[in-house]
Amino acid sequence: MSVPDDEARVIPISSAPSFEEPEPLARLLAFIRRRITGDYEVDEFGYDAELTDKVLLELIRPLYHHWFRVETVDLKNVPEEGGALVAANHSGTLPVDALMMQVALHDEADRPLRLLGADLVYQLPMLAHLSRKTGHTLACREDADRLLRKGELVGVFPEGFKGVGKPFSERYKLQRFGRGGFVASAIRAGVPILPTAIVGAEEIYPKIGDLPTLARLLGLPYLPITPLFPLLGPLGLVPLPSKWMIQFGEPIRTDEYDAADADDPVLVFHLTDHVREVIQQMLNELRLRRGPAFPPFF
Amino acid sequence: MTHTVLVTGVSRHVGARMASVLAADPDISRVIGVDTVPPPSLTRDGGISLGRTEFVRVDLRSPDIAQVIAAADIDTVVHMSLVSAPSRSAGRAVMKEHNVIGTMQLLGACQRSATVRRVVVRSTTAVYGSSPRDPAVFTEDLEPHDSPSHGYAKDAVEVEGYVRGFARRRPDMTVSLLRFANFMGPGVDSPLTRYFTQPVLPTVFGFDPRLQFVHEDDAVEVLRRMATEDHPGTYNVAGAGVLLLSQCARRAGRPSLPLFEPAFRLLGDAARRAGLVDYSPEQVRLMSYGRAVDCSRLESELGWKPKFTTGAAFDDFLLSRGLHPLGGVRH
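In the order they appear, the protein sequences are chains B and X.
With our numbering, letter number 35 in the first sequence gets 35, and the count goes up by one each step, no holes.
With our numbering, letter number 236 in the second sequence gets 534, and the count goes up by one each step, no holes.
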């Protein structure tokens, strides 16, 4: 259902004709009307672009700007259009880094980010549909290929749970990168891989312990102990306000390979290792550049 | 070339429309419609004129169908008689027999026939199941992670197995297998259309599944092309795009009632026992994880795409039932 151009005319707000943007109130009312009547589009993965931009990202933008003061570096490396695969380090106990990277790319590079998530996400109530509505989907070969073929910017965290759930003592040390499925997808689609470093997420929930038995009972990959959680209860869920930086590295081209090379394990491992080294290098430099996590204290 | 077409399942809406479209085609010399019950009468139940279709009442589970095929020199068989919900009186066992044994009998008769050249079988996208571990969009070649283990979807998986076996044994025949998304439109009466006309829509808490519909007009057009042209293979058929369940509820102007999954299951069971709705366990999975399919294979094969998107098909259904969102009709 397309939204007619004369949308704003339906609700007469002021007698003074406006030749610029429709008035904020008229736009808000039109938005509410569309939401109530179901007159909006979601794509085949369930991505609701309007809801994401106007509501869901709006909720986390204060966190992005004021709490973590996220600074982006080398946004010019993000292609303006066409498929590309963003591969980033994963950390922070809860995947807040995924949200911040999405805000960065959505707002500053004007590219919706389509992340590939673990199947656990799609089994859990609430998370399952919020994840789809914000544009993300299951980490599987078919979905990755489909999104890249459509020219989307696809994001992956190759470390997975190993990265996001690692102890604080191992901060900024990249974990093992799975089997390199993301590299194979990039090769099949012939799209560049964008190595990306996120600095700051490691300090938001410093994981100093783990409750493995309880985690298994709850069906979670881990249940962290941080200096504030579970000590302070729900209050312990407030992330520490570390200073963040996100750097997008030089794209690594894959278009010189043949699509059939995606099935060559040696080549895929080699390229995966290369991406990993580049991200680790970027992390080390960016961490130095950021300085203390909680300026001006420590 | 003269055609004699056999259509099964003509006593239900899409089957009846299919028979009437074929009956109106001058290139087709005879249309024979079969079903276990006679078609609804035109005046009372909103039945559809079957035109010059000759109706034969046959229980597909019996070998009688072979006699019909042998006696009438049939060259094209369109098998639409797949029951999607157990009837209140007969129950699930009869439904399964009808779907699976009925298909076996029909395919057995086709295999022995010297005249049949083309077989078109209606299946469903429910064969892909619904799972949080499967890709968002199914293509025809995808093997689902959790194959359906209940009800209609399981029947369809078994039916497809027999169709594939049949196609292997009779490679000279053109066998088309059509996986339809849920039918939607003014004349469709299915568990899903009945669900949307309830005053309150129970949903599974924390989930908002993607749904896909195919308009009855498009379904009939696809079947017509498959029955009159050679398009061997398996094809997904669905309107472009998806609707979320929440979006459907908003468009229908119906409040939704989120229930925790066990409560949703209990309510569904209770409603089924009370005879209020036809409800089957695999619908809980659909209502949680949703499903979407890719139709590019059908579109490139036919050089045609469904006229109604999923959204337009649903809107047409709402219009026919007088349902509209809060605050009046959209547009």
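All C-beta atoms in this analysis are idealised placements derived from N, C-alpha and C, irrespective of residue type, glycine included.
Going by alpha carbons, who is nearest to residue 272/B out of 105/B, 88/B and 30/B? As a first step, residue 272/B must be located in the first sequence, where it is residue number 272. Ranking the options by Cα distance to residue 272/B, first place goes to 88/B.
Give a yes or no on whether the minimum CB-CB distance between residue 619/X and chain B is below 9 Å. Within the second sequence, numbered from 1, the residue matching residue 619/X stands at position 321. Nearest CB-CB separation between residue 619/X and chain B: not below the 9 Å threshold.
Would you mind working out which of 539/X, 606/X, 608/X and 509/X sits nearest residue 589/X, comparing C-alpha positions? The residue given as residue 589/X occupies position 291 in the second sequence. Checking every option, the nearest Cα to that of residue 589/X belongs to 509/X.
Hey, which unbroken runs of the alpha helix (DSSP H) at 4 residues or more fall wholly within the stretch 449–500 of chain X? Correct list: 449–467 and 489–494.
Spatially closest choice to residue 52/B from 204/B, 135/B, 251/B and 185/B, by CA coordinates: Mapped onto the first sequence, residue 52/B falls at position 52. Comparing alpha-carbon positions, the option among 204/B, 135/B, 251/B and 185/B lying closest to residue 52/B turns out to be 135/B.
Could you tell me the boundaries of the alpha helix (DSSP H) in which residue 279/X lies? In the structure displayed, chain X extends from 299 to 629; residue 279/X sits before or after that span and is not available.
For residue 102/B, return the contacting residues in chain X, with the cut-off set at a CB-CB distance below 8 Å. Taking the first residue of the first sequence as 1, we reach residue 102/B at position 102. None at all; the shortest Cβ gap to chain X is about 18 Å.
According to DSSP, simplified to helix, strand and coil, what is residue 100/B? In the first sequence, counting from the first residue as 1, residue 100/B sits at position 100. The answer is helix: DSSP assigns residue 100/B an H, G or I state.
From which residue to which residue does the beta strand (DSSP E) around residue 562/X run? The sequence position of residue 562/X within the second sequence is 264, counting from 1. Here residue 562/X belongs to no beta strand (DSSP E); instead the alpha helix (DSSP H) covers 559–571.
Cβ-based neighbour list, residue 48/B, same chain, cut-off 6 Å, excluding 5 preceding and 5 following: Here residue 48/B refers to the residue found at position 48 of the first sequence. Once the five neighbours on either side are set aside, the close Cβ partners of residue 48/B are 42 and 133.
Check distances from the C-beta atoms of the stretch 493–513 of chain X to those of chain B and list, in chain order, the residues that come in under 7 Å. Answer in chain order: 503, 504, 505, 506 and 508.
Under the rule that 16 or more other beta-carbon atoms within 10 Å means buried, what is residue 59/B, buried or exposed? Against the first sequence, residue 59/B aligns to sequence position 59. So residue 59/B ends up on the exposed side.
Could you round the C-beta distance between residue 494/X and residue 569/X to whole angstroms and report it? I think they count as a contact, below 8 Å. Translated into the one-based positions of the second sequence, residue 494/X becomes position 196. Translated into the one-based positions of the second sequence, residue 569/X becomes position 271. Your pair residue 494/X and residue 569/X does not check out as a contact, with CB atoms roughly 15 Å apart and the cut at 8 Å.
Look at the alpha carbon of residue 80/B and the alpha carbon of residue 102/B, and state the distance between them as a whole number of angstroms. Residue numbering aside, residue 80/B sits at position 80 when the first sequence is read from its first letter. Residue numbering aside, residue 102/B sits at position 102 when the first sequence is read from its first letter. C-alpha of residue 80/B to C-alpha of residue 102/B: approximately 15 Å in a straight line.
Tell me whether residue 244/B is buried or exposed, calling it buried when 16 or more other Cβ atoms sit within 10 Å of its Cβ. Reading the first sequence from its first residue, position 244 is the one you call residue 244/B. Answer is buried; the Cβ neighbour count reaches 16.
What residue range is occupied by the uninterrupted alpha helix (DSSP H) comprising residue 88/B? Locating residue 88/B in the first sequence gives position 88, counting from the first residue. That residue, residue 88/B, is in no alpha helix (DSSP H); its beta strand (DSSP E) goes 84–88.
Start and end of the beta strand (DSSP E) containing residue 284/B? What you label residue 284/B is simply residue 284 of the first sequence in a count that begins at 1. Taken as a continuous stretch (DSSP letters only), residue 284/B belongs to no beta strand (DSSP E), being part of the alpha helix (DSSP H) at 265–290.
Scan the stretch 311–343 of chain X for residues whose Cβ lies nearer than 8 Å to a Cβ of chain B and list them as they occur along the chain. Contact annotation: in the stretch 311–343 of chain X, no residue has its CB less than 8 Å from a CB in chain B.
Just the Cα atoms here: how many angstroms apart are residue 236/B and residue 195/B? In the first sequence, the residue the question calls residue 236/B occupies position 236. In the first sequence, the residue the question calls residue 195/B occupies position 195. If you draw a straight line from the Cα of residue 236/B to the Cα of residue 195/B, it comes to about 32 Å.
Within the same chain, show all residues whose beta-carbon is closer than 6 Å to that of residue 498/X, passing over the 5 residues directly before and after it, in chain order. Residue numbering aside, residue 498/X sits at position 200 when the second sequence is read from its first letter. Answer for residue 498/X: 553 and 555, listed in chain order.
Can at least three beta-carbon pairs, one atom from the stretch 114–125 of chain B and one from the stretch 135–151 of chain B, be found at a separation below 8 Å? With the cut-off at 8 Å, the stretch 114–125 of chain B and the stretch 135–151 of chain B touch.
Report yes if the CB atom of residue 164/B is closer than 9 Å to the CB atom of residue 97/B, and no otherwise. As a first step, residue 164/B is located in the first sequence; it is residue number 164 there, counting from the start. As a first step, residue 97/B is located in the first sequence; it is residue number 97 there, counting from the start. In this structure, the beta-carbon distance from residue 164/B to residue 97/B falls below 9 Å.
Count the CB pairs spanning the stretch 253–261 of chain B and the stretch 185–195 of chain B that are closer than 8 Å, and state whether there are at least three. A contact between stretches requires three or more CB pairs, one per stretch, nearer than 8 Å, and the stretch 253–261 of chain B meets this requirement with the stretch 185–195 of chain B.
Tell me whether residue 566/X is buried or exposed, calling it buried when 16 or more other Cβ atoms sit within 10 Å of its Cβ. As a position in the second sequence, residue 566/X is number 268, starting the count at 1. Residue burial annotation: residue 566/X is buried, with at least 16 other C-beta atoms found within 10 angstroms of its C-beta.
Who are the near neighbours of residue 390/X in its chain, counting only those whose CB is closer than 6 Å to its CB and skipping five residues on each side? Here residue 390/X refers to the residue found at position 92 when the second sequence is read from its first residue. Within the same chain, residue 390/X has close Cβ partners 384.
Give the secondary structure of residue 231/B by DSSP, where H, G and I count as helix, E and B as strand, and everything else as coil. Counting from one through the first sequence, the residue named residue 231/B turns up at place 231. Here residue 231/B sits in coil by DSSP.
In its own chain, which residues sit with a C-beta less than 8 Å from the C-beta of residue 56/B, not counting the 5 before and 5 after it? Within the first sequence, numbered from 1, the residue matching residue 56/B stands at position 56. Cβ within range, chain order: 130, 133 and 134.
Suppose only complete runs of 4+ residues qualify. What are the alpha helix (DSSP H) ranges in the stretch 329–393 of chain X, listed by chain order? The stretch 329–393 of chain X contains these whole alpha helix (DSSP H) runs: 362–369.
Along chain X, in chain order, which residues have C-beta atoms closer than 9 Å to that of residue 250/B? Stepping through the first sequence from its first residue, residue 250/B is reached at position 250. By Cβ distance, chain X contributes nothing, its closest Cβ being about 31 Å from residue 250/B, past 9 Å.
Using 8 Å as the cut-off, can you tell me whether the stretch 414–425 of chain X makes contact with the stretch 473–488 of chain X, which would need three or more C-beta pairs spanning the two stretches below that distance? Under the three-pair Cβ rule at 8 Å, the stretch 414–425 of chain X counts as touching the stretch 473–488 of chain X.
Which same chain residues, not among the five before or five after residue 334/X, have their C-beta less than 6 Å away from its C-beta? Working through the second sequence from its first residue, we reach residue 334/X at position 36. Within the same chain, residue 334/X has close Cβ partners 357.
Quick check on the burial criterion: 16 or more other C-beta atoms within 10 angstroms. Buried or exposed for residue 24/B? Within the first sequence, residue 24/B is the residue found at index 24, counting from 1. Flag for residue 24/B reads exposed.
With a threshold of 16 other CB atoms inside 10 Å of the CB of residue 289/B, please say whether the residue is buried or exposed. Position 289 of the first sequence, counting from 1, holds the residue named residue 289/B. By the Cβ-count criterion, residue 289/B is exposed, with fewer than 16 other Cβ atoms from all chains shown falling within 10 Å of its own Cβ.
If you run the structure through DSSP and keep just helix, strand and coil, what is residue 618/X? Position 320 of the second sequence, counted from the first residue, corresponds to residue 618/X. Three-state result, residue 618/X: helix.
Extent of the continuous beta strand (DSSP E) run through residue 246/B: The residue given as residue 246/B occupies position 246 in the first sequence. Judged by DSSP secondary structure, residue 246/B falls within the beta strand (DSSP E) whose first and last residues are 245–248.
Using a C-beta cutoff of 9 Å, does residue 288/B count as contacting chain X? The residue given as residue 288/B occupies position 288 in the first sequence. The C-beta of residue 288/B comes no closer than 9 Å to any C-beta of chain X.
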